[in-house]
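Numbering (the working numbering), first residue to last: 8 to 126.
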């Protein structure tokens with residue numbers, strides 16, 4: 008049986024693929040048991056760093072700036088202070104897959120992480 012699948016070609020100017028469904032941060036179409044299309048929100052999660060007696064403020068700041076997109080030095084220092092004073096701080100929130108990646112990267116650098124919180 009010859010199976011051919013349509014190929015999606017990128018638009019020369021905007022780069023979008025013709026015929027592709029663009030999935031953004033909003034709801035995604037899925038089929039329910041009856042075959043009806045319903046909108047379901049893509050799962051999101053919060054990345055939370057916990058206070059510990061191992062990591063220095065500078066290390067926490069450096070790791071946050073290295074892995075969390077758009078993290079300024081000022082914001083990283085504010086988060087490090089919040090982690091120290093309150094015991095934890097949410098350092099990023101967004102789509103689950105990205106949250107899992109950031110969680111793993113921060114943990115690999117030695118930061119003490121809370122389990123991902125889905126929201």
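Ideal Cβ placement from N, Cα and C applies to all residues, glycine included.
Need the endpoints of the beta strand (DSSP E) that residue i sits in, please.
| i | result |
| --- | --- |
| residue 55 | 51-57 |
Can you pull the DSSP bridge partners for residue i?
| i | result |
| --- | --- |
| residue 95 | 57 |
Which of the three DSSP states, helix, strand or coil, is assigned to residue i?
| i | result |
| --- | --- |
| residue 78 | coil |
| residue 124 | strand |
For the alpha helix (DSSP H) containing residue i, name the first residue and the last one.
| i | result |
| --- | --- |
| residue 118 | Looking at the DSSP string, residue 118 is not in any alpha helix (DSSP H), and its letter there is neither H nor E. |
Closest by CA to residue i, which one among the options?
| i | options | result |
| --- | --- | --- |
| residue 106 | 43, 76, 47, 68 | 76 |
| residue 122 | 101, 85, 72, 57 | 57 |
| residue 61 | 126, 49, 116, 44 | 116 |
| residue 51 | 65, 110, 102 | 102 |
| residue 72 | 63, 64, 83 | 83 |
| residue 113 | 126, 48, 98, 104 | 98 |
Quiz item: Counting Cβ pairs closer than 8 angstroms, one from the segment 85-94 and one from the segment 39-50, do we hit at least three?
Solution: no
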